[in-house]
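Undergrad: Pasting a structure here, questions to come.
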Amino acid sequence: MVATAEPLEQAHPVETESPQEHLMLDPRPRGEMNGMVMDAMNTRTWKFWVLVIFLGLTVVSCLFIAWGYLIAEGLGVAGVNKPAFWAIFLVNTVYWIGISHAGTFVSALLRVMKAEFRRPFTRAAELLTTFGLIQAGISIFMHMGRTWLAYWLFPYPNVRTLWPNFHSPLGWDFLAINTYLMASTMYLFLPLIPDLAMVRDRSTGWRKVFYRILSLGFRGTEGEWRHLRTAMTIFAWAIIPVMFSVHTIVAWDFANATRPGWSSTVFGPYFVVGALQSGIAAVGMVVVLIRATMKNMKYFIRPEHLDALGKLMLIVSMTWGYFFFQDYMVQWYGGDKFTQMLLEFHEKGPMGWMWFGMLIFNVGIPFITLWNKKIRRNPALLFTIGLLINVGMWFERYIIIPTSLTINRMPFTWRLYVPRIEILLSLGTLAFFILIYLIASRLIPLVPVWEVQEGQVAHGLRKVGKATVKTVSDIE
Amino acid sequence: MSETKTFLALFADIDPAVNAIDRLREHGVNDDDMNVISGIPLTEHILGRPRVWSNVPRLALGGAVAGLAFGIFLAAGITNLYPLKIGRQGLVNGAPTVVLIFEMMMLGLMASTFIGVFLDSTFPSYRPKEYISEISDGKIAILFSIPEEKEAEVKEELDHLGAESITPAEKRQL
Chain A
518 MVATAEPLEQ AHPVETESPQ EHLMLDPRPR GEMNGMVMDA MNTRTWKFWV
568 LVIFLGLTVV SCLFIAWGYL IAEGLGVAGV NKPAFWAIFL VNTVYWIGIS
618 HAGTFVSALL RVMKAEFRRP FTRAAELLTT FGLIQAGISI FMHMGRTWLA
668 YWLFPYPNVR TLWPNFHSPL GWDFLAINTY LMASTMYLFL PLIPDLAMVR
718 DRSTGWRKVF YRILSLGFRG TEGEWRHLRT AMTIFAWAII PVMFSVHTIV
768 AWDFANATRP GWSSTVFGPY FVVGALQSGI AAVGMVVVLI RATMKNMKYF
818 IRPEHLDALG KLMLIVSMTW GYFFFQDYMV QWYGGDKFTQ MLLEFHEKGP
868 MGWMWFGMLI FNVGIPFITL WNKKIRRNPA LLFTIGLLIN VGMWFERYII
918 IPTSLTINRM PFTWRLYVPR IEILLSLGTL AFFILIYLIA SRLIPLVPVW
968 EVQEGQVAHG LRKVGKATVK TVSDIE
Chain B
-1 MSETKTFLAL FADIDPAVNA IDRLREHGVN DDDMNVISGI PLTEHILGRP
49 RVWSNVPRLA LGGAVAGLAF GIFLAAGITN LYPLKIGRQG LVNGAPTVVL
99 IFEMMMLGLM ASTFIGVFLD STFPSYRPKE YISEISDGKI AILFSIPEEK
149 EAEVKEELDH LGAESITPAE KRQL
């Protein structure tokens, strides 16, 4: 007698996903995708213009006029004073440099790792890098006060033959930030060329001229693609260590000083992780906003992308928590009198709410929410968590800079920093960032269509046993 | 001697385009007389075409070396040209020198890579070129030159292989 086996009852129902869930498995003709992206670029509702006007007015009043006033009157109109000469301007600088890490991480690191989910939002992330660095640069110029003397930072011999001191981390900062800004702008532009050519082919009038100039005469010949891809591979590998170096050097601005709370050997990686924390959260927010507000973007940005970003946010958040504790533990264990006082001041002082807020927003909320797949795939919730993380990371920089400067080894100088015109200028840089991003979203394709199509060509489904699984071919 | 004519054959998919390349070769068209224009990068392996030489990696290396030299100049050169003695610090110190050299080397590497793309691809170039806008809609174009007497035969074969159109290649303003 032949034994017949009854089918085993499944212990747990297997969650099946439709292939249509994945952008790479839901291809559409390239012409249609081009049309969708062009539509998104060309759609400008009255809400868009209201927002542009509002942001424009905010930039004029809070950035240009307020900065002009600061230049005319001097740094006395700001809250910086003994002992906190480094304050919100540098908080913003560090914050925006952190945001700028998003583009490199998402675009370069994930490209090197061949993480396919990156494809539709690499450009949105790269724009964060370039525009974030512009805000960081503006904030440094504000911090200088006498902005017109910025050229003193350039390596040229002045009348006293004194060159900038390259033994100072501030000099390294100048070089590193400029290197990163130039590199990330070039890295943004290279993969944009084929998309600019696509827009050129579909434009008329002044836009045709504009895109003809920007696309440089690109056609898509074998040679052009070969040179472009080679360059993008070199960039993807080379820009990663530069990204790490930038925030490490920013960390050295603090860690190389012998101040309580700053002198820490872990500051370099701690800052890099912090930068990734705010950067990836910012990418999450931008991706949700693009998906919600721009036409046809729901096709390109899907719950699978939010899910992947949510996982990244969770991993980086836990890593940040680890580095924070590592830094805290060593400072606390060291037993230095002033460091102990500073740590107590962080927690119980007038800015204690910010210290607890930082921990709750950066570790607590991501940890209790992002484990859940439904939450990760919910745009509104992911946006909110990303926003809270960014607020938490801004708090972290505020605690490290002006709050930590309040307590030093000379108690007679202790004074709590209270920002003044800096608040307006911070709003101005934020509005400027959103404004240029908004304008860019209507001038350049935010989705790299050729990269999406390339991914769709490489992806397919394959039967393995009874399962149909996603496969990706290495066509590079 | 017969005249050669240049054509642009348009294909919707990769496979027919690859077959067409093979068939053109059989008709004596050299790889040098063909060029594939596409909306996504198709590697030589996919197309069965000879590898395109790129100077970008060499230029990148050259830029890195130049950046390294400039970094050394900044860190060590100018401090010796304009010495500024501070306490017991050496004029040229190891760690700051490493930082400067690294940043300048990476800047040199990436700037020369970027410039390399422009040089190798002869960008920017705004002269009229053989191109049709369907290429950026995902079509694959083969630009090839053949002797006039083979025109009818080759056209028929490419038609048979699935070419959507075969037109004399015209230079037009992009």
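Protein chains in written order, with my numbering: chain A, 518 to 993; chain B, -1 to 172.
Built from N, CA and C at the ideal position, the CB exists for glycine as well.
1. Please state whether DSSP places E151 (chain B) in a helix, a strand or coil.
2. Report the option in A:G548, A:R561 and A:H660 whose CA atom is closest to the CA atom of I138 (chain B).
3. Residues of chain B with a CB under 9 Å from the CB of I756 (chain A): which are they?
4. Would you identify the three-state DSSP class for M553 (chain A), choosing helix, strand or coil?
5. Could you name the residues that DSSP lists as bridge partners for N91 (chain B)?
6. At what residue ranges does the segment 18 to 104 of chain B contain a whole run of the beta strand (DSSP E), taking only runs of 3 or more?
7. Can you give the Cα-Cα distance for L72 (chain B) and G65 (chain B), rounded to whole angstroms?
8. Give the residues from the segment 44 to 67 of chain B that approach chain A closer than 7 Å (Cβ to any Cβ), ordered along the chain.
9. Compare the C-alpha of Y839 (chain A) against each of A:Y934, A:F581, A:V790 and A:T901 and name the closest.
10. Can you pull the chain B residues whose beta carbon is under 7 Å from the beta carbon of D718 (chain A), in chain order?
11. Please tell me whether F4 (chain B) and P145 (chain B) are closer than 8 Å, where the distance is taken between their beta carbons.
12. Between which two residues does the beta strand (DSSP E) harbouring P166 (chain B) extend?
13. Just curious, the alpha helix (DSSP H) that L972 (chain A) is in, first and last residue?
14. With a CB to CB cut of under 7 Å and the five nearest residues on each side skipped, what residues in its chain are close to P48 (chain B)?
15. If I measure Cβ to Cβ from F735 (chain A) and keep anything under 7 Å in the same chain, skipping five residues before and after, which residues do I get?
16. Using a Cβ cut-off of 8 Å (strictly closer), state whether A601 (chain A) contacts chain B.
17. Taking C-alpha atoms, which residue in B:D13, B:P81 and B:F112 lies nearest to G60 (chain B)?
18. Which bits of chain C does S762 (chain A) rub up against, with CB to CB less than 9 Å?
19. So which residues of chain A does T111 (chain B) contact, with C-beta pairs closer than 7 Å?
20. Can you pull out the residues from the segment 548 to 566 of chain A whose beta carbon lies closer than 8 Å to at least one beta carbon of chain B?
21. Can you tell me the Cα-Cα spacing of G903 (chain A) and V833 (chain A), whole angstroms?
22. From what residue to what residue does the beta strand (DSSP E) around A7 (chain B) run?
23. Counting contacts by CB-CB distance shorter than 8 Å, is G160 (chain B) in contact with chain A?
24. Counting only the same chain and skipping the five closest in sequence on each side, list residues whose C-beta sits under 6 Å from that of R729 (chain A).
25. Please state whether DSSP places P126 (chain B) in a helix, a strand or coil.
26. Less than 8 Å between the C-beta atoms of V759 (chain A) and D690 (chain A), yes or no?
27. Using a beta-carbon distance below 8 Å, is T782 (chain A) in contact with chain B?
28. Helix, strand or coil for K815 (chain A)? Go by DSSP, reduced to three states.
29. Span of the beta strand (DSSP E) holding V597 (chain A)?
30. Spell out the partners DSSP gives I144 (chain B) in its beta bridges.
31. Figure out for me which residue from A:L607, A:I694 and A:T886 has the closest Cα to the Cα of H660 (chain A).
32. In chain A, which residues lie less than 8 Å from K127 (chain B) when you measure between Cβ atoms?
33. Give me the chain A residues within the contact set of V34 (chain B), using Cβ-Cβ distance strictly less than 7 Å, ordered along the chain.
34. Determine whether the beta carbon atoms of A876 (chain A) and I924 (chain A) lie at a separation below 8 Å.
35. Skipping 5 residues on each side, what residues in its chain have a beta carbon closer than 6 Å to that of V990 (chain A)?
36. Find the nearest neighbour of L922 (chain A) within the set A:K828, A:A601, A:M811 and A:V908, judged by alpha-carbon distance.
TA: In short, the structure shows the following:
1. DSSP places E151 (chain B) within a helical segment (H, G or I) once states are collapsed to three.
2. Comparing Cα-Cα distances from I138 (chain B) to each of A:G548, A:R561 and A:H660, the minimum goes to A:G548.
3. Contact of I756 (chain A) with chain B by beta-carbon distance below 9 Å involves M104 and M108.
4. Helix.
5. Within the DSSP secondary-structure output, N91 (chain B) pairs in no beta bridge.
6. Look at the segment 18 to 104 of chain B and you find these whole runs of beta strand (DSSP E), each 3 residues long or longer: 32 to 36.
7. G65 (chain B) has its alpha-carbon roughly 10 Å from the corresponding atom of L72 (chain B).
8. Hits within the stretch, in order: I44, R47, V50, S52, V54, P55 and A58.
9. When the alpha-carbon of Y839 (chain A) is set against those of A:Y934, A:F581, A:V790 and A:T901, the nearest one is in A:V790.
10. Correct list: S131 and S134.
11. In the sequence on display, residue 4 (chain B) carries Thr and not Phe. Between T4 (chain B) and P145 (chain B), the C-beta gap is not smaller than 8 Å, which leaves the two residues out of contact.
12. P166 (chain B) -> beta strand (DSSP E) spans S163 to P166.
13. Going by the sequence as given, residue 972 (chain A) is Gly instead of Leu. Counting along the chain, the alpha helix (DSSP H) containing G972 (chain A) begins and ends at V966 to A975.
14. If we look at P48 (chain B) and ignore the five residues flanking it on each side, its Cβ neighbours are D29 and E42.
15. I710, P711, A714 and E741, listed in sequence order.
16. Taking CB atoms only, A601 (chain A) has no neighbour in chain B less than 8 Å away.
17. Answer by Cα proximity: B:F112.
18. This model lacks chain C altogether, as its protein chains are A and B.
19. Within chain A, the residues near T111 (chain B) are A748, I751 and F752.
20. Contact annotation: in the segment 548 to 566 of chain A, residues whose CB is within less than 8 Å of a CB in chain B are G548 and N551.
21. Roughly 12 Å between the two C-alpha positions.
22. For A7 (chain B), the enclosing beta strand (DSSP E) covers residues T2 to F9.
23. With respect to chain A, the C-beta atom of G160 (chain B) has no partner C-beta closer than 8 Å.
24. R717.
25. Here P126 (chain B) sits in coil by DSSP.
26. No; because the gap between Cβ atoms is not below 8 Å, this pair is not in contact.
27. At a cut-off of 8 Å between beta carbons, T782 (chain A) makes no contact with chain B.
28. Reduced to three states, the DSSP call for K815 (chain A) is helix.
29. Per DSSP, V597 (chain A) belongs to no beta strand (DSSP E) and is neither H nor E.
30. B:K3.
31. Selection A:L607, A:I694 and A:T886 evaluated against H660 (chain A) yields A:L607 as nearest (Cα-Cα).
32. Near K127 (chain B) (Cβ distances below 8 Å), the residues of chain A are G734 and R736.
33. Going along chain A in sequence order, the residues near V34 (chain B) (Cβ under 7 Å) are E739.
34. Looking at the sequence itself, residue 876 (chain A) is Leu, so the reference to Ala does not match. Cβ distance not < 8 Å, so L876 (chain A) and I924 (chain A) don't count as in contact.
35. The sequence as given places Ser at residue 990 (chain A); Val does not occur at that position. A975, listed in sequence order.
36. Closest option to L922 (chain A), Cα to Cα, is A:A601.
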